[in-house]
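**Student:** Position in the sequence shown (from 1) plus 2 gives the number in our numbering. Even glycine gets a Cβ: it sits at the ideal position worked out from N, Cα and C. Would you mind keeping the following structure in view while I ask a few things?
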Amino acid sequence: MSDTTSLIKIISKDFDIEDHLSEERLKQAMIDAFDYLVDNDFPKLIQILYKADVDQYKLKELLENTEGLSSAEVIANTYIERQKAKVETWKKYSL
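And the structure:
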């Protein structure tokens with residue numbers, strides 16, 4: 003199973019996404035989803051980030067200090083980075 007496939011498998015637990023997306027398309031789908039959640043369902047956004055174990059202090063710092071990206075882009079990047087770390091951990095210990 004490729005890293006992108008594993009990543010999609012994890013993310014699909016929180017989001018309704020296609021099974022076969024490129025990493026670029028996955029990132030755009032996450033940006034769109036987080037943009038919607040920021041504007042329309044903030045409690046669900048918090049729940050998803052908590053469930054994914056996204057570091058709230060790191061995210062807050064990134065949101066305050068990142069220039070040129072929307073909040074949704076920063077959140078999506080941080081969320082995807084955390085999910086990728088989970089995939090790497092699973093690969094490391096499943097050998």
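What are the boundary residues of the alpha helix (DSSP H) that includes V89?
**Tutor:** The residue given as residue 89 occupies position 87 in the sequence shown. First-last of the alpha helix (DSSP H) with V89: 73-95.
**Student:** Taking three-plus beta-carbon pairs below 8 Å as touching, is the stretch 13-32 in contact with the stretch 89-97?
**Tutor:** Not touching, per the Cβ criterion.
**Student:** Work out the CA separation of G70 and E25 for me, nearest whole Å.
**Tutor:** For the purposes of this step, residue 25 is taken as the residue at position 23 of the sequence shown. For the purposes of this step, residue 70 is taken as the residue at position 68 of the sequence shown. Roughly 21 Å separates the two Cα atoms.
**Student:** If you measure between the beta carbons of S73 and L65, is that distance less than 7 Å?
**Tutor:** To locate residue 73, count along the sequence shown from 1; it is residue 71. To locate residue 65, count along the sequence shown from 1; it is residue 63. For S73 and L65, yes; Cβs fall inside 7 Å.
**Student:** Can you say whether F36 is buried or exposed, counting buried as having 16 or more other CB atoms within 10 angstroms of its CB?
**Tutor:** Here the question's residue 36 lines up with position 34 in the sequence shown. By the neighbour-count rule (16 or more Cβ atoms within 10 Å), F36 is buried.
**Student:** Starting from D107, trace the alpha helix (DSSP H) both ways and give me its first and last residue.
**Tutor:** Given a span of 3 to 97 for the chain in the structure shown, any question on residue 107 remains unanswerable.
**Student:** So, with DSSP's three-state summary, where would you put D5?
**Tutor:** Walking along the sequence shown from the start, residue 5 turns up at place 3. Helix, per DSSP.
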